[in-house]
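Presented below is the structure to which this report refers.
2 protein chains.
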Amino acid sequence: MAMVKNAAVRTMSGPVQMPAHEVVYQQLREQILFGEMAPGQAVTIQGLTASLGAGMTPVREAIRRLISDGALVFQGNRRVSVPKLSSEDAEQIIYLRKTIEKELARRAALRISDAEIDRLAEIDAVLDRAISVGDVPGYLHGNYQFHSTLYAQADAPVLAEIANRLWLRFGPSLRVVCGRFGTQSLPDRHKDILTALRKGDADAAASALVQDVEQGMEQVAAVLAEEN
Amino acid sequence: MAMVKNAAVRTMSGPVQMPAHEVVYQQLREQILFGEMAPGQAVTIQGLTASLGAGMTPVREAIRRLISDGALVFQGNRRVSVPKLSSEDAEQIIYLRKTIEKELARRAALRISDAEIDRLAEIDAVLDRAISVGDVPGYLHGNYQFHSTLYAQADAPVLAEIANRLWLRFGPSLRVVCGRFGTQSLPDRHKDILTALRKGDADAAASALVQDVEQGMEQVAAVLAEEN
DNA sequence: CAGCGCAGAATTTGATCATATTTTGAGCGC
DNA sequence: GCGCTCAAAATATGATCAAATTCTGCGCTG
Chain F
1 MAMVKNAAVR
11 TMSGPVQMPA
21 HEVVYQQLRE
31 QILFGEMAPG
41 QAVTIQGLTA
51 SLGAGMTPVR
61 EAIRRLISDG
71 ALVFQGNRRV
81 SVPKLSSEDA
91 EQIIYLRKTI
101 EKELARRAAL
111 RISDAEIDRL
121 AEIDAVLDRA
131 ISVGDVPGYL
141 HGNYQFHSTL
151 YAQADAPVLA
161 EIANRLWLRF
171 GPSLRVVCGR
181 FGTQSLPDRH
191 KDILTALRKG
201 DADAAASALV
211 QDVEQGMEQV
221 AAVLAEEN
Chain A
1001 MAMVKNAAVR
1011 TMSGPVQMPA
1021 HEVVYQQLRE
1031 QILFGEMAPG
1041 QAVTIQGLTA
1051 SLGAGMTPVR
1061 EAIRRLISDG
1071 ALVFQGNRRV
1081 SVPKLSSEDA
1091 EQIIYLRKTI
1101 EKELARRAAL
1111 RISDAEIDRL
1121 AEIDAVLDRA
1131 ISVGDVPGYL
1141 HGNYQFHSTL
1151 YAQADAPVLA
1161 EIANRLWLRF
1171 GPSLRVVCGR
1181 FGTQSLPDRH
1191 KDILTALRKG
1201 DADAAASALV
1211 QDVEQGMEQV
1221 AAVLAEEN
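First to last, the sequence lines map onto chains F and A. If you read the first sequence in this note's numbering, its first letter stands for residue 1, the second for the next number, and so on. If you read the second sequence in this note's numbering, its first letter stands for residue 1001, the second for the next number, and so on.
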């Protein structure tokens, strides 16, 4: 019944190791994480099949995952959109980030190698350059990469997964913060974190990371409060 | 967690229809949560389409959500199964439950009404009966219902969602605990929690809940340690 | 001769797509 | 303004393709 439309799709571009739904998920995830989608923006399945060149089923699965992640919301009728954070949401996220990242920093400090610390330092150097130039996407990528790389060193996958997921919730708002205040005023306790890691001082690393989180989320909370 | 379900504008002609993928998700969720699936058990799409009488796409979407929840794991090749908790996983879950549920209890204590406390007490009474009779499914349902109902009173959806999700990770193991030790030895600090709630004592409620979590998870950790 | 291992077939299962069905929201006439 | 019709978007099904595991039979070795 189907007219055989030759599906010379992506088989030629090498070994397809990742399923399409995984690819779509990663793409959408990055778009949300790095502010390519604004809070409140509507997301349609058919729009994504068109813009990402994927089929319906993979897009559908990716959206379900992202809803479960809290990166998208299902709006009762069958609409899906990027959530707008409320101040209350932000407050809870702050609590979670502080308690979870504190523990991640503590664990990471106890096991991280010098080579990995150097890698973190390099990420931070790139990040600094992005900040000084006012490169917002560069800042967003670098900042997330710094934290995420640190999480990975904690050898605590359950904690790390939740911490990573939280970024999806405030990512779109973080972009708004940058648009409002620029990159200059953004906090950067990363130097303190690196120093603590080099000393192997778990408590110092934990408290530096908590401070970094506090200062960053404070800006988010400020923008959200202003919006109401 | 309860997203506002369509509260029936046009319910005259029949029941509110939940999408099939939502129904499948809820069914699977309960099966995992209440120990109908054993840790390590394989989960196949086609098996579920048969056993639940649903189509492929809804099952697929439900599975993606549950993987995102941590209730199922994607095993590299394309297989999906119920995860086996490691002792390290359990340790992280304990930390998370203690910090998150502490905060939920604190918030709930400040805003819960007497009627809701009565409802909790009633759930706890049913739970006690299940324990004394050795009714394992009854215990599992009641225990989760008690905690989940408490979460809902905290007015903190982000925290509550994560707390609810954590149950999916240790649910299957909790069932194993019951099979091992029976229901008699299970902890029940619920009376302390209720007392604290009636007094409106947030700190007491928080610490009672933390104790309940500690004692329950201790048993899970014991079984996991034994398995290795 | 029995047991072991391996290549390839058969089967099971997952991934994707095209299509049919249903629902929602909006436009239009009354 | 109210109800009806229509288009667009989401839901859901079954078919088809691809991958992985299991099964099987053959040859080889001890």
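Backbone N, C-alpha and C fix where the C-beta goes; we use that ideal spot for every residue, glycine too.
* residue 1034 (chain A) - DSSP class collapsed to helix/strand/coil -> Position 34 of the second sequence, counted from the start, is the residue given in the question as residue 1034 (chain A). Residue 1034 (chain A) falls in the coil class under three-state DSSP.
* Members of the region 1090-1118 of chain A that neighbour chain F once the beta carbon cut-off is set at 8 Å -> 1092, 1093, 1095, 1096, 1099, 1100 and 1103
* Does any residue of chain F bring its CB to less than 8 Å from the CB of residue 1015 (chain A)? -> Residue 1015 (chain A) sits at position 15 when you count from the first residue of the second sequence. Note that residue 1015 (chain A) scores 46 on pLDDT, short of 50, meaning its location in the model is unreliable and no value can be drawn from it.
* Asked: residue 202 (chain F) to residue 108 (chain F), Cα distance in whole Å?
  -> Counting from 1 along the first sequence, the entry for residue 202 (chain F) is found at position 202. Counting from 1 along the first sequence, the entry for residue 108 (chain F) is found at position 108. Cα to Cα, the separation comes out at about 8 Å.
* Does DSSP classify residue 42 (chain F) as helix, strand or coil? -> Position 42 of the first sequence, counting from 1, holds the residue named residue 42 (chain F). In the structure shown, residue 42 (chain F) sits in a strand (DSSP, three-state: E or B).
* To do: Would you verify that the beta carbon of residue 1049 (chain A) is, or is not, closer than 8 Å to some beta carbon of chain F?
  => Here residue 1049 (chain A) is taken as the residue at index 49 of the second sequence, counted from 1. So no, residue 1049 (chain A) is outside the interface.
* Taking only the alpha-carbon atoms, compute the straight-line gap between residue 137 (chain F) and residue 34 (chain F) and give it to the nearest angstrom. => Residue mapping note: residue 137 (chain F) aligns to position 137 of the first sequence, counting from 1. Residue mapping note: residue 34 (chain F) aligns to position 34 of the first sequence, counting from 1. Cα to Cα, residue 137 (chain F) sits roughly 7 Å from residue 34 (chain F).
* Using alpha carbons as the reference points, say which of A:1018, A:1216, A:1192 and A:1114 lies closest to residue 76 (chain F). => Counting from 1 along the first sequence, the entry for residue 76 (chain F) is found at position 76. When only C-alpha atoms are compared, the closest one is A:1018.
* Asked: Rounded to whole angstroms, how far is the Cβ of residue 1206 (chain A) from the Cβ of residue 1084 (chain A), which I believe are closer than 8 Å?
  -> Reading the second sequence from its first residue, position 206 is the one you call residue 1206 (chain A). Reading the second sequence from its first residue, position 84 is the one you call residue 1084 (chain A). 31 Å between Cβ atoms; not a contact.
* **Local conformation of residue 1082 (chain A) per DSSP, three classes** => For this step, residue 1082 (chain A) is matched to residue 82 along the second sequence. The answer is coil: DSSP assigns residue 1082 (chain A) none of H, G, I, E or B.
* Asked: So, does the CB of residue 158 (chain F) fall closer than 8 Å to a CB anywhere in chain A?
  -> In the first sequence, counting from the first residue as 1, residue 158 (chain F) sits at position 158. Answer yes: the Cβ-Cβ gap between residue 158 (chain F) and chain A drops below 8 Å somewhere.
* On the premise that residue 1150 (chain A) lies in contact with residue 1097 (chain A), defined as a C-beta separation below 8 Å, what is that separation, rounded to the nearest angstrom? -> By one-based count along the second sequence, residue 1097 (chain A) stands at place 97. By one-based count along the second sequence, residue 1150 (chain A) stands at place 150. Not a contact, Cβ separation roughly 13 Å.
* To do: Take the Cβ of residue 1227 (chain A) as the centre, count every other Cβ of all protein chains shown within 10 Å, and call the residue buried at 16 or more, exposed below.
  => If you number the second sequence from 1, residue 1227 (chain A) lands on position 227. So residue 1227 (chain A) ends up on the exposed side.
* Do we get a CB-CB distance below 8 Å when we pair residue 57 (chain F) with the residues of chain A? -> In the first sequence, residue 57 (chain F) corresponds to position 57, counting from 1. Judged by the 8 Å Cβ criterion, residue 57 (chain F) is in contact with chain A.
* To do: Give, in chain order, every residue of the region 1068-1080 of chain A whose Cβ lies closer than 8 Å to some Cβ of chain F.
  => 1068, 1069, 1070 and 1078
* Where do the N-terminal and C-terminal ends of the alpha helix (DSSP H) with residue 138 (chain F) fall, by residue? -> By one-based count along the first sequence, residue 138 (chain F) stands at place 138. 136-152 is the span of the alpha helix (DSSP H), which, as asked, contains residue 138 (chain F).
* Taking 8 Å as the threshold, find out whether the region 1028-1046 of chain A comes into contact with the region 1060-1077 of chain A through three or more Cβ pairs. => yes
* To do: Could I get the ranges of all uninterrupted alpha helix (DSSP H) runs contained in the region 1041-1075 of chain A, with 4 residues as the minimum, in chain order?
  => 1045-1052 and 1056-1069
* **Closer than 8 Å to chain A by CB, residue 216 (chain F)** => If you number the first sequence from 1, residue 216 (chain F) lands on position 216. Not one chain A Cβ lies under 8 Å of residue 216 (chain F).
* To do: Can you grab the Cα-Cα spacing for the pair residue 204 (chain F) / residue 193 (chain F), in whole Å?
  => By 1-based counting over the first sequence, the position of residue 204 (chain F) is 204. By 1-based counting over the first sequence, the position of residue 193 (chain F) is 193. Straight-line Cα distance between these residues: approximately 8 Å.
* To do: Mind checking which residues open and close the alpha helix (DSSP H) that includes residue 186 (chain F)?
  => Indexing the first sequence from 1 puts residue 186 (chain F) at position 186. Segment: none, residue 186 (chain F) is in no alpha helix (DSSP H) and carries neither H nor E.
* **Residue-level contact to chain A via CB, residue 175 (chain F), 8 Å cutoff** => Your numbering for residue 175 (chain F) matches position 175 in the first sequence. Not closer than 8 Å to any Cβ of chain A, the Cβ of residue 175 (chain F) fails to qualify, so no.
* To do: Please report how far the alpha carbon of residue 80 (chain F) lies from the alpha carbon of residue 1106 (chain A), in whole angstroms.
  => Residue 80 (chain F) sits at position 80 when you count from the first residue of the first sequence. Residue 1106 (chain A) sits at position 106 when you count from the first residue of the second sequence. The straight-line gap from Cα to Cα measures roughly 33 Å.
* Roughly how many angstroms lie between the CA atoms of residue 22 (chain F) and residue 57 (chain F), to the nearest whole one? -> By 1-based counting over the first sequence, the position of residue 22 (chain F) is 22. By 1-based counting over the first sequence, the position of residue 57 (chain F) is 57. Cα-Cα distance, rounded: 11 Å.
* **Cβ distance (whole Å) where residue 1082 (chain A) is taken to contact residue 1157 (chain A) below 8 Å** => Along the second sequence, read from residue 1 onward, the residue named residue 1082 (chain A) stands at position 82. Along the second sequence, read from residue 1 onward, the residue named residue 1157 (chain A) stands at position 157. Not quite, the Cβ-Cβ distance comes to about 27 Å (not below 8 Å), so this is no contact.
* Does the beta carbon of residue 65 (chain F) sit closer than 8 Å to a beta carbon anywhere in chain A? -> Taking the first sequence and counting its residues from 1, one reaches residue 65 (chain F) at position 65. Yes, residue 65 (chain F) lies at the interface with chain A (some Cβ there is under 8 Å from its Cβ).
* Asked: Which of the three DSSP states, helix, strand or coil, is assigned to residue 19 (chain F)?
  -> In the first sequence, residue 19 (chain F) corresponds to position 19, counting from 1. Coil.
* To do: Answer yes if the region 1124-1136 of chain A comes into contact with the region 120-131 of chain F, meaning at least three C-beta pairs across the two stretches below 8 Å, and no otherwise.
  => no
* Asked: Closest by CA to residue 39 (chain F), which one among F:169, F:91, F:120 and F:148?
  -> By 1-based counting over the first sequence, the position of residue 39 (chain F) is 39. Residue 39 (chain F) has its Cα closest to that of F:169, out of F:169, F:91, F:120 and F:148.
* Asked: Does any CB atom of chain F fall closer than 8 Å to the CB of residue 1123 (chain A)?
  -> Working through the second sequence from its first residue, we reach residue 1123 (chain A) at position 123. False, the Cβ-Cβ gap to chain F never drops below 8 Å.
* To do: Count the other C-beta atoms from every protein chain shown that fall within 10 angstroms of the C-beta of residue 154 (chain F), then say buried if there are 16 or more, exposed otherwise.
  => Position 154 of the first sequence, counted from the first residue, corresponds to residue 154 (chain F). Counting Cβ neighbours within 10 Å, residue 154 (chain F) comes out buried, since at least 16 surround it.
* Could you round the C-beta distance between residue 1054 (chain A) and residue 1024 (chain A) to whole angstroms and report it? I think they count as a contact, below 8 Å. => Residue mapping note: residue 1054 (chain A) aligns to position 54 of the second sequence, counting from 1. Residue mapping note: residue 1024 (chain A) aligns to position 24 of the second sequence, counting from 1. So it is a contact: roughly 5 Å between Cβ atoms.
* Asked: Since residue 182 (chain F) contacts residue 134 (chain F) with CB under 8 Å, what's their CB separation in whole angstroms?
  -> For the purposes of this step, residue 182 (chain F) is identified with residue 182 of the first sequence, where counting begins at 1. For the purposes of this step, residue 134 (chain F) is identified with residue 134 of the first sequence, where counting begins at 1. Residue 182 (chain F) to residue 134 (chain F), Cβ: 6 Å. Contact.
* Asked: Taking the alpha carbon of residue 1198 (chain A) as the point to measure from, which residue in A:1066, A:1052 and A:1111 has its own alpha carbon closest?
  -> Translated into the one-based positions of the second sequence, residue 1198 (chain A) becomes position 198. It is A:1111.
* In the region 186-198 of chain F, which residues sit with their C-beta less than 8 Å from some C-beta in chain A, listed in chain order? -> none
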